[in-house]
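S.K.:
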Amino acid sequence: MKWTRRDLLIGLGGLPILGAVWWAGAAKVTGSRSSRDEILEQLNITPSLPLAVPGIGGEPVRIGVIGFGIRGEQLTRALGYATPQWMEEQRLANLENPDHKALEDFKRQEKLNVKLVGICDVFDVRAENFINSFSTEDNKIKRYLTHQEMIQSGDVDAVVIATPDHWHAPMSIEALNNGVHVYVEKPMTHTVSETYLLREAAAKSNAVFAVGHQHRQTLSFSTARDIVEKGTLGHVSLIQTNTNRNDDNGAWNYDIHEKASPETIDWEQFLGSAPKVPFNKNHFFRWRKWWAYGSGLSGDLLTHDYDRLNCVLNMGIPSSVSASGGVYTHNDGRNVPDVIQVNMEFPNFSTGSSQTNGKEKGMTFCYSATLGNGFNRPTIIMGHDATMELGNRLTVWPDGASTRYADMLEAEKMRPNVPIYQYDPAASSTDAVSSATSQYFADKGLMWTYIDGVRVDSTFLHMREWLSVIKNGGKVSCGINEGFDEAISAHMAGLSWKLGRRIEWDAASEQLVPVEGVDFDQVLLANENWNEQPEMVG
Amino acid sequence: MEQNLKKLNISVTLLRILIGWHFLFEGVVKMYNPDWTSFGYLATAQGPFDWFFTFLLGNVNIGLVNTLNIVALMVVGITFTLGIFERLGAIVGIGLLALYFMAHPPFPGLTQMNVEGSYWLVNKNLIELVACLVIYQLPTGRYFGLDYLRKNKLKIQET
Numbered sequence: 003m004k005w006t007r008r009d010l011l012i013g014l015g016g017l018p019i020l021g022a023v024w025w026a027g028a029a030k031v032t033g034s035r036s037s038r039d040e041i042l043e044q045l046n047i048t049p050s051l052p053l054a055v056p057g058i059g060g061e062p063v064r065i066g067v068i069g070f071g072i073r074g075e076q077l078t079r080a081l082g083y084a085t086p087q088w089m090e091e092q093r094l095a096n097l098e099n100p101d102h103k104a105l106e107d108f109k110r111q112e113k114l115n116v117k118l119v120g121i122c123d124v125f126d127v128r129a130e131n132f133i134n135s136f137s138t139e140d141n142k143i144k145r146y147l148t149h150q151e152m153i154q155s156g157d158v159d160a161v162v163i164a165t166p167d168h169w170h171a172p173m174s175i176e177a178l179n180n181g182v183h184v185y186v187e188k189p190m191t192h193t194v195s196e197t198y199l200l201r202e203a204a205a206k207s208n209a210v211f212a213v214g215h216q217h218r219q220t221l222s223f224s225t226a227r228d229i230v231e232k233g234t235l236g237h238v239s240l241i242q243t244n245t246n247r248n249d250d251n252g253a254w255n256y257d258i259h260e261k262a263s264p265e266t267i268d269w270e271q272f273l274g275s276a277p278k279v280p281f282n283k284n285h286f287f288r289w290r291k292w293w294a295y296g297s298g299l300s301g302d303l304l305t306h307d308y309d310r311l312n313c314v315l316n317m318g319i320p321s322s323v324s325a326s327g328g329v330y331t332h333n334d335g336r337n338v339p340d341v342i343q344v345n346m347e348f349p350n351f352s353t354g355s356s357q358t359n360g361k362e363k364g365m366t367f368c369y370s371a372t373l374g375n376g377f378n379r380p381t382i383i384m385g386h387d388a389t390m391e392l393g394n395r396l397t398v399w400p401d402g403a404s405t406r407y408a409d410m411l412e413a414e415k416m417r418p419n420v421p422i423y424q425y426d427p428a429a430s431s432t433d434a435v436s437s438a439t440s441q442y443f444a445d446k447g448l449m450w451t452y453i454d455g456v457r458v459d460s461t462f463l464h465m466r467e468w469l470s471v472i473k474n475g476g477k478v479s480c481g482i483n484e485g486f487d488e489a490i491s492a493h494m495a496g497l498s499w500k501l502g503r504r505i506e507w508d509a510a511s512e513q514l515v516p517v518e519g520v521d522f523d524q525v526l527l528a529n530e531n532w533n534e535q536p537e538m539v540g
Numbered sequence: 694m695e696q697n698l699k700k701l702n703i704s705v706t707l708l709r710i711l712i713g714w715h716f717l718f719e720g721v722v723k724m725y726n727p728d729w730t731s732f733g734y735l736a737t738a739q740g741p742f743d744w745f746f747t748f749l750l751g752n753v754n755i756g757l758v759n760t761l762n763i764v765a766l767m768v769v770g771i772t773f774t775l776g777i778f779e780r781l782g783a784i785v786g787i788g789l790l791a792l793y794f795m796a797h798p799p800f801p802g803l804t805q806m807n808v809e810g811s812y813w814l815v816n817k818n819l820i821e822l823v824a825c826l827v828i829y830q831l832p833t834g835r836y837f838g839l840d841y842l843r844k845n846k847l848k849i850q851e852t
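Sequence order for the protein chains is Z and B. For the first sequence, position 516 matches number 518 in my numbering, and the numbering has no gaps at all. For the second sequence, position 117 matches number 810 in my numbering, and the numbering has no gaps at all.
1) Taking CB distances under 8 Å as the criterion, tell me whether A262(Z) reaches chain B.
2) According to DSSP, E43(Z) sits in a beta bridge with which residue or residues?
3) Counting contacts by CB-CB distance shorter than 8 Å, is W813(B) in contact with chain Z?
4) Which of the residues in the region 413-426 of chain Z, read from start to end, lie with their CB under 8 Å from any CB of chain B?
5) Closer than 7 Å by beta-carbon distance: list the chain Z residues that pair up with G786(B), in chain order.
6) Can you give, in chain order, each stretch of the alpha helix (DSSP H) that sits fully within the region 133-159 of chain Z and has at least 4 residues?
7) For D9(Z), which residues in chain B fall below 8 Å Cβ to Cβ?
8) Excluding the 5 residues preceding and the 5 following G541(Z) in the sequence, name in chain order all residues of the same chain whose CB lies nearer than 8 Å to its CB.
9) Reducing DSSP to helix, strand and coil, say where K477(Z) ends up.
10) Output, in chain order, the set of chain Z residues within a Cβ distance shorter than 8 Å of L775(B).
11) Report the neighbours of I771(B) on chain Z: residues whose CB is nearer than 7 Å to its CB, in chain order.
12) If you draw a straight line from the C-alpha of F598(Z) to the C-alpha of D268(Z), how long is it?
13) Determine, using beta carbons only, whether T331(Z) and A492(Z) come nearer to each other than 8 Å.
14) Check the Cβ of G33(Z) against every Cβ in chain B and list those closer than 9 Å, keeping chain order.
15) Taking 8 Å as the threshold (beta carbon to beta carbon), is K30(Z) in contact with chain B?
16) Could you have a look at A371(Z) and say whether DSSP puts it in helix, strand or coil?
17) Pair every Cβ in the region 751-768 of chain B with every Cβ in the region 716-724 of chain B, then say whether three or more of these pairs are closer than 8 Å.
18) For the alpha helix (DSSP H) that contains G788(B), what are its first and last residues?
19) To the nearest angstrom, report how far apart T32(Z) and N752(B) are at their CA atoms.
20) So, is the C-beta of F800(B) closer than 8 Å to a C-beta in chain Z?
21) Quick check: the region 389-398 of chain Z against the region 351-366 of chain Z, are there 3 or more CB pairs under 8 Å?
22) With 16 as the cutoff for other CB atoms within 10 Å, does G834(B) come out buried or exposed?
23) The beta strand (DSSP E) spanning V238(Z) covers which residue range?
24) Quick one: measure Cβ to Cβ for V116(Z) and L81(Z), integer angstroms, because I've assumed they're closer than 8 Å.
25) Measuring alpha carbon to alpha carbon, tell me which residue in Q524(Z), V63(Z) and G236(Z) is nearest M384(Z).
26) Could you round the C-beta distance between V182(Z) and A160(Z) to whole angstroms and report it? I think they count as a contact, below 8 Å.
27) Helix, strand or coil: which one does DSSP assign to Q513(Z)?
28) Less than 8 Å between CB atoms is the rule here; does A80(Z) satisfy it with respect to chain B?
29) Could you give the residue range of the beta strand (DSSP E) that holds D459(Z)?
30) Which of helix, strand or coil does DSSP assign to K113(Z)?
31) Going by alpha carbons, who is nearest to N134(Z) out of P86(Z), R110(Z), Q92(Z) and S498(Z)?
32) What's the call for K188(Z), buried or exposed, on a 16-neighbour Cβ count within 10 Å?
33) Just to confirm the assignment, what range does the alpha helix (DSSP H) spanning G233(Z) have?
34) Closest to V329(Z) by CA distance: which of L303(Z), L315(Z) and W292(Z) is it?
35) Kindly list, in the order they appear in chain Z, the residues whose Cβ is closer than 8 Å to that of F718(B).
36) With burial defined as no fewer than 16 other Cβ atoms inside 10 Å of the residue's Cβ, what is the status of W714(B): buried or exposed?
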């Protein structure tokens, strides 16, 4: 048997094709991998791993919950207690959409060493729901009619405060003065003077004080901090962060409970320091819409974005704030704005510079919010060398005119429109998000974080950290100092909007620069259009 | 007649080599990239057969799915470019393309992800699938490919 050259040509003609295609494929992959490795090596970014938290040992922490509304229920779930009604709703939601895994996530959540012992809620239905859901034979949960009674009972080690804003500081101070640990929702305070009083109380008390900015547990934010600290972005001159919502829930028009009445709600106690107005269900359930009890976009949502970035950049209180906006999309009797733009100035802040020393300094934090459009505008941190999009995912693009990356851009190893770094801990997850508002929080990294690809409620992590510090000592990631920065910055925004002028901060004396003839607290609490609001229910 | 058959053989050989080229390149690129995974493709599956891909994700190790996909791509690529056992390659190719088609079918009402062009019921996966059917019906390895040597060897032995 003998093959001619022609035979071999016909028989083996496919071999060079196979070889060429194989070589081209291998070269393509290894080539792009090595240039990617070169970039990553230069950036040297370390994706953050979850912090090891010392266990919550010994006797269970005895917890009293103050306020069992929407947020109160969420915080209680983070502690490991869900109402049967919620579990049933989630089970049904899962039947409808198998990707809806809230119940599965909840059941998988690590059990915390806590015991719910008391509830304080001025609405009977909520207090009773708490007791009926969580009271057991061995653990009879007690209802307290006032927070003082609960705090002074001696039966409660720690309180979780999820009330309207105007109750945050008085309750926190009362607890701290009595050595009871505090987890309080944001914004930390409702007025400027309360912010100082609370700081003083926290300094004097041995109890652990934590503010509920749970996103401090989000791993992408600690990775973002590493990115900024390594000088990846260069000098950051502008931050753009936004709220974009366009639904009733997002505009705080929550459901009004059918059983709400002057008989089932302790109205006087709800009002507290607020102006004495007659019983009003709209005010009770939708309190976020009035300055008397809440603080609108500046206190409710700006605080999330401010603290998120303060956690990444540690920029502190702005030297001045100017805000504008109005009630434009929900003219339903509310007096907090539904469209607001807040510019915070940090003239001396620096994230380091790749250019001549001192050439770059100063930054503006620009918060832009509307409750009339849900288009997703992401949070963008803009530096001389690169731009970072910040959320549960991180993406970094080099800037075309960067000094630091000039050589790599010149050599076309980097391109301005191609990300040089991406962090997506959820890449292998298909969990569903149930509503527009939850999508808003999820995109911002406010709802959960991902550990080894598994989604974990960041509020749970935040609670666990607080409880661990109670038992083992240490420092909470959002304590009184972080809360002080957050509250003062939010109040400056609210004041600026209400006064229509720039509000300044004197860092040396740690005081707002006075404005002649203006009492800041009076302005913050003032309620324009107070008597004009219609009784809008439903 | 003889002339026409020759033309047909050349055309089908060309088709076979180009399809082989396409499959081989896809297979090699995935094989050399340790970060590649079919997870996203499967997880975003839609249409009447999405349950199958969801089931696959939930019940079969994703590493195994990835490996099988690469092996299948390489089998089609190698048999088609070399021109040997191409009927086996064609069957594997038809199966693989049928799965790709079912995972993201160009049916009205479904969002077409990561595709260029516009499709209605028929897309390039389906066309390539039918092309594999042609390769199966008209093996050309004996005209150009390793099969030529195998067949000739047999012929020589016969004489």
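Glycine included, each C-beta is placed from N, C-alpha and C at the ideal position.
M.R.: Inspection of the coordinates gives the following:
1) To locate residue 262(Z), count along the first sequence from 1; it is residue 260. No, no contact with chain B.
2) To locate residue 43(Z), count along the first sequence from 1; it is residue 41. None, per the DSSP bridge assignment.
3) As a working mapping, residue 813(B) is identified with position 120 in the second sequence. So no, W813(B) is outside the interface.
4) Here the close residues number zero.
5) The count along the second sequence starts at 1 and reaches residue 786(B) at position 93. None at all; the shortest Cβ gap to chain Z is about 16 Å.
6) Within the region 133-159 of chain Z, the runs of alpha helix (DSSP H) that reach at least 4 residues and sit entirely inside it are, in chain order, 149-154.
7) Position 7 of the first sequence, counting from 1, holds the residue named residue 9(Z). In chain order: Y841, L842 and N845.
8) No answer is possible for residue 541(Z): it lies beyond the span of chain Z, which begins at 3 and ends at 540.
9) As a position in the first sequence, residue 477(Z) is number 475, starting the count at 1. Correct three-state label for K477(Z): coil.
10) Taking the second sequence and counting its residues from 1, one reaches residue 775(B) at position 82. Those are G16, L17 and L20, listed as they occur along chain Z.
11) Numbered from 1 along the second sequence, position 78 holds the residue referred to as residue 771(B). Within chain Z, the residues near I771(B) are L20.
12) Beyond the ends of chain Z as shown, which are 3 and 540, falls residue 598(Z); an answer cannot be given.
13) On the first sequence, position 329 is the one that residue 331(Z) refers to. On the first sequence, position 490 is the one that residue 492(Z) refers to. For T331(Z) and A492(Z), no; Cβs fall outside 8 Å.
14) As a position in the first sequence, residue 33(Z) is number 31, starting the count at 1. Result: empty, since nearest Cβ-Cβ is about 10 Å, beyond 9 Å.
15) If you number the first sequence from 1, residue 30(Z) lands on position 28. Yes, because at least one Cβ of chain B sits closer than 8 Å to the Cβ of K30(Z).
16) Within the first sequence, numbered from 1, the residue matching residue 371(Z) stands at position 369. A371(Z) falls in the strand class under three-state DSSP.
17) Touching, per the Cβ criterion.
18) Your numbering for residue 788(B) matches position 95 in the second sequence. Per DSSP, G788(B) belongs to the alpha helix (DSSP H) from E779 to A796.
19) Here residue 32(Z) refers to the residue found at position 30 of the first sequence. Here residue 752(B) refers to the residue found at position 59 of the second sequence. In this structure, the straight-line span from the alpha carbon of T32(Z) to that of N752(B) is close to 32 Å.
20) Position 107 of the second sequence holds residue 800(B). The C-beta of F800(B) comes no closer than 8 Å to any C-beta of chain Z.
21) Result no; under three Cβ-Cβ pairs closer than 8 Å.
22) In the second sequence, residue 834(B) corresponds to position 141, counting from 1. Under this definition G834(B) is a buried residue.
23) Start at 1 with the first residue of the first sequence, and residue 238(Z) comes out as number 236. For V238(Z), the uninterrupted beta strand (DSSP E) run begins and ends at V238 to N246, by DSSP.
24) As a first step, residue 116(Z) must be located in the first sequence, where it is residue number 114. As a first step, residue 81(Z) must be located in the first sequence, where it is residue number 79. Their Cβ separation, rounded to whole angstroms, is 6 Å, which keeps V116(Z) and L81(Z) in contact under 8 Å.
25) In the first sequence, residue 384(Z) corresponds to position 382, counting from 1. Of Q524(Z), V63(Z) and G236(Z), the residue nearest in Cα terms is G236(Z).
26) For the purposes of this step, residue 182(Z) is taken as residue 180 along the first sequence, with counting starting at 1. For the purposes of this step, residue 160(Z) is taken as residue 158 along the first sequence, with counting starting at 1. For V182(Z) against A160(Z), the beta-carbon gap comes to about 6 Å, under 8 Å, which counts as contact.
27) Position 511 of the first sequence, counted from the start, is the residue given in the question as residue 513(Z). The DSSP-derived three-state label of Q513(Z) is strand.
28) Taking the first sequence and counting its residues from 1, the one referred to as residue 80(Z) is at position 78. The beta carbon of A80(Z) sits no closer than 8 Å to any beta carbon of chain B.
29) As a first step, residue 459(Z) must be located in the first sequence, where it is residue number 457. Per DSSP, the unbroken beta strand (DSSP E) holding D459(Z) starts and ends at V456 to D459.
30) Here the question's residue 113(Z) lines up with position 111 in the first sequence. Correct three-state label for K113(Z): coil.
31) Translated into the one-based positions of the first sequence, residue 134(Z) becomes position 132. For N134(Z), the nearest C-alpha among the options comes from P86(Z).
32) On the first sequence, residue 188(Z) is found 186 positions in, with the first residue counted as 1. Counting other Cβ atoms within 10 Å of its Cβ, K188(Z) reaches 16 or more and is therefore classed as buried.
33) Along the first sequence, read from residue 1 onward, the residue named residue 233(Z) stands at position 231. That residue, G233(Z), is in no alpha helix (DSSP H); it is neither H nor E in DSSP.
34) Looking up residue 329(Z) in the first sequence gives position 327. Cα-wise, what sits closest to V329(Z) is W292(Z).
35) The count along the second sequence starts at 1 and reaches residue 718(B) at position 25. Per Cβ cutoff of 8 Å: V23, A26 and G27.
36) For this step, residue 714(B) is matched to residue 21 along the second sequence. With a threshold of 16 other beta carbon atoms within 10 Å, W714(B) meets it and is buried.
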